[in-house]
Amino acid sequence: MANIAAQRIKREFKEVIKSEEVAKCAIKVELVNDNYTELKGEIAGPPETPYEGGTFVLEIKVPETYPFNPPKVRFITKIWHPNISSVTGAICLDILKDQWAAAMTLRTVLLSLQALLAAAEPDDPQDAVVAKQFKENQDMFRQTARHWTFVYAGGPHKNSDFELKIRRLTDMGIEDHQARVALSSYNWDLERATEQLFS
Amino acid sequence: MLNVIVPRDLYDKTALTGTMGDEKQVSSTTFDTDANQDELIMQQQRRIEKEISETTALVGDLEGLGMLEDEYAGDDVYCQKVHDLAGKYKSMRRTRPDGNCFFRAFSYAYLEQLLEDREEYERFRDLAAKSKNSLVELGFPQFTVEDFHDIFMEVIDHVGKGPTFFSQKELHKMFNDQGYSDYIVVYLRLITSGQLQRDSEFYQHFIEGDRSVADFCHQEVEPMYKESDHIHIIALSAALNVGVRVRYMDRGEASEVIAHDFPEGIHPAVHLLYRPGHYDILYP
Numbered sequence: 001m002a003n004i005a006a007q008r009i010k011r012e013f014k015e016v017i018k019s020e021e022v023a024k025c026a027i028k029v030e031l032v033n034d035n036y037t038e039l040k041g042e043i044a045g046p047p048e049t050p051y052e053g054g055t056f057v058l059e060i061k062v063p064e065t066y067p068f069n070p071p072k073v074r075f076i077t078k079i080w081h082p083n084i085s086s087v088t089g090a091i092c093l094d095i096l097k098d099q100w101a102a103a104m105t106l107r108t109v110l111l112s113l114q115a116l117l118a119a120a121e122p123d124d125p126q127d128a129v130v131a132k133q134f135k136e137n138q139d140m141f142r143q144t145a146r147h148w149t150f151v152y153a154g155g156p157h158k159n160s161d162f163e164l165k166i167r168r169l170t171d172m173g174i175e176d177h178q179a180r181v182a183l184s185s186y187n188w189d190l191e192r193a194t195e196q197l198f199s
Numbered sequence: 001m002l003n004v005i006v007p008r009d010l011y012d013k014t015a016l017t018g019t020m021g022d023e024k025q026v027s028s029t030t031f032d033t034d035a036n037q038d039e040l041i042m043q044q045q046r047r048i049e050k051e052i053s054e055t056t057a058l059v060g061d062l063e064g065l066g067m068l069e070d071e072y073a074g075d076d077v078y079c080q081k082v083h084d085l086a087g088k089y090k091s092m093r094r095t096r097p098d099g100n101c102f103f104r105a106f107s108y109a110y111l112e113q114l115l116e117d118r119e120e121y122e123r124f125r126d127l128a129a130k131s132k133n134s135l136v137e138l139g140f141p142q143f144t145v146e147d148f149h150d151i152f153m154e155v156i157d158h159v160g161k162g163p164t165f166f167s168q169k170e171l172h173k174m175f176n177d178q179g180y181s182d183y184i185v186v187y188l189r190l191i192t193s194g195q196l197q198r199d200s201e202f203y204q205h206f207i208e209g210d211r212s213v214a215d216f217c218h219q220e221v222e223p224m225y226k227e228s229d230h231i232h233i234i235a236l237s238a239a240l241n242v243g244v245r246v247r248y249m250d251r252g253e254a255s256e257v258i259a260h261d262f263p264e265g266i267h268p269a270v271h272l273l274y275r276p277g278h279y280d281i282l283y284p
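Chains as they are written, first to last, in the UniProt record's numbering: chain X, 1 to 199; chain D, 1 to 284.
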C-alpha cells in the first residue's frame, strides 16, 4: 500500500480529465512534477459574477497523507474576493480544512472553489479588507473584482476610470500592483490611496 | 476602518521602502497577520498527531487489565472501576487516540471474530458487498466510494480465508498498516453517514442545534479524525446489524463500569471500553 497518495491522484487525474466540466472548459488540472505531489489547477470564473470570463490558476500541493488530509490549495492568479487573500492567495474554505473528507476529490475541490467565487462568505473572511468592502459597498466590490479579473485573469471588462487612477500613481513611481492594491483598499479614492502610499 | 487597514498599510510600506534593516521586523510581524491562521492551527494539530502516532500503535497488542490498574494506582474512583472491569473482562487492546478510535476498535474486534465464525462472515460479506451501491445511490461520488469499497472488500476477503490461511497476526498487521487501516475507517464512516441519511427522520432528534442530518454527516461523520458519539455507534451498529456493548469508565459515582448496548436487546458481538474521549477493545 505504499504511496497511496500518488496512486489516488493518478486515478483522480483521469477522472478530472474525463469529466464533463473539462469538456466545457470550466475546470482543468495539470501535473507540475512527475511524482504527483504538485499540480496546477485552473477554474473558469462563474457566469454572472465579477469573475466571469477570467481564468484562475491554482497551486495544488498533495500531502503524503492524502486523501486522509486535504490538498493544500492557493490561488496563483491574483483575485479580489472576501475568502481569498489578495496578498498570498490563501483560501478560506471549510473543505480544505476540517471539513475535508477522504471521499472528496480534486474535482470536488475545484468545483467548490468555483462555487465559492459565485457565493462569497464575508462573515468568514480570509481578506478582511475585501470582506469589509463586500459588506459595505457591494457595487464598489463588484467593480474592483471585475477590474482584477481583467488585469490578472484575462477577463473582458476594462475599466478606464480605474486604469487612469492607477496611471496617476505609477507616474509618481509607485509600482503598478501596489497602486492597484492601495486604490482597491480605499474604494478607488485617489487622494486617500496616495496619502496611504506616501505616509 | 483603520483597525482593519493597519496590517496592509505596514505590508505595503515595507514593500515600498525595500528591505531596510529596521523595516524587516515590521514585515515579519505583518506576515503573521497575513498568514493563514487556520493553516497554522492545522499544522500544530498534525504535529500533535505525529507525536501520538510515534508512541501508540494504531491497534496495540493484547494486554491484561493489570496495566490499567497500574495506570490508575492511587485514584480510588478509577481503581474501583478497573477492579469491576477485571471481573468481567480478561484482556484489552488499546487503539491510537486519533479521533478514529471507535471505528478502528469496532472493525478490528469484529473482523477478528469473523475469522472464527463462518456463518456470520457470510452474512457480513454479503452486506458489505451490497453496501457500495446503496452509498452511490445516496449521492456519494462513485469514484471514491469504489476506491474505499475495493480495499474494504480486499480485507474482508482475507478474513474469509479463515484462521488457517489468514491468521489473526496478519489481520493485526493490516490494521497497523496506515493505508489499509485508514481505508477501513473511511469506508465505515461512509456507511455510518449513509445510515444516518437514509434514516434521517429518526436521527434528526439526536442532533443538537439546527443542523440537518446531512450537514452533521459532512461535518462530524465523514471527515477523518472526528470523534464518535452515541449517534455514530447507533448508526453503524444498525447499518451492519452488529451489536456493540460499551463499558463506560469515568468519574461517575457508581462503583461499576456501566454498560450500554447498541442496539438494545441484541447480543453484543463487540465490547469496547470508553474512557472520556477514547475507545479501546475489551475481551470477555
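C-beta atoms are modelled at their ideal positions from N, C-alpha and C, and glycine is treated no differently.
Partner residues on chain D for residue i, Cβ-Cβ distance less than 7 Å
i, result
"GLN99(X)", "HIS218, GLN219, PRO223"
"ILE4(X)", "GLY179"
Listed by chain order, chain X residues near residue i by CB distance under 8 Å
i, result
"LEU190(D)", "ALA103"
"THR144(D)", "PRO67, ALA102, ALA103, MET104, THR105"
Backbone CA spacing between residue i and residue j [nearest angstrom]
i, j, result
"residue 288(D)", "PHE216(D)", "Any property of residue 288(D) remains undetermined from this structure, which presents chain D solely from 1 to 284."
"THR95(D)", "HIS271(D)", "13 Å"
"GLY87(D)", "GLY252(D)", "19 Å"
"THR55(D)", "ARG189(D)", "25 Å"
"THR144(X)", "LYS135(X)", "14 Å"
"residue 205(X)", "ILE27(X)", "The structure shown does not extend to residue 205(X), since chain X spans only 1 to 199, so no value can be given for it."
"ILE266(D)", "GLU120(D)", "14 Å"
"LEU264(D)", "GLY243(D)", "As written in the sequence, residue 264(D) is Glu, which differs from the Leu given in the question. Distance between the alpha carbons of GLU264(D) and GLY243(D): 8 Å."
"HIS218(D)", "GLN99(X)", "7 Å"
"THR55(X)", "GLY45(X)", "6 Å"
"VAL213(D)", "TYR51(X)", "33 Å"
"ASN133(D)", "LEU127(D)", "11 Å"
"THR33(D)", "THR88(X)", "Because THR33(D) sits at a pLDDT of 49, beneath the cut-off of 50, its placement in the model cannot be relied upon, and the following sentence gives the value as read from the coordinates. Computed Cα separation, rounded: 11 Å."
Residue i, DSSP secondary structure in three states
i, result
"ARG94(D)", "strand"
"ILE207(D)", "coil"
"VAL59(D)", "strand"
"PHE198(X)", "helix"
"THR30(D)", "Only weak support is given to the placement of THR30(D): the predicted model assigns it a pLDDT of 39, under 50, and the question is left unresolved by the model."
"THR55(X)", "strand"
"VAL246(D)", "strand"
"GLU119(D)", "helix"
"GLY41(X)", "strand"
"VAL73(X)", "strand"
"VAL270(D)", "strand"
"ALA73(D)", "coil"
"LEU236(D)", "helix"
Per-residue contacts from residue i into chain D (C-beta, under 8 Å)
i, result
"PHE68(X)", "ASP182, VAL186, MET224"
Test: residue i CB closer than 8 Å to a CB of chain X
i, result
"MET153(D)", "no"
"ASP210(D)", "no"
"PHE140(D)", "yes"
"ASP38(D)", "yes"
Cutoff 8 Å: residue i Cβ touching any chain D Cβ
i, result
"GLU15(X)", "yes"
Within chain X, the residues that residue i reaches when beta carbons sit closer than 7 Å
i, result
"MET249(D)", "Those do not exist, as MET249(D) stays about 28 Å from chain X at its closest Cβ, beyond 7 Å."
"MET42(D)", "LYS97"
Contact with chain B by residue i, beta-carbon distance below 8 Å
i, result
"ASN137(X)", "Structure shown: chain B not included; protein chains present are X and D."
**Prompt:** In chain order, what residues of the stretch 93 to 124 of chain D put their CB closer than 8 Å to some CB of chain X?
**Reply:** Look at the stretch 93 to 124 of chain D: it has no residue with a C-beta under 8 Å from a C-beta of chain X.
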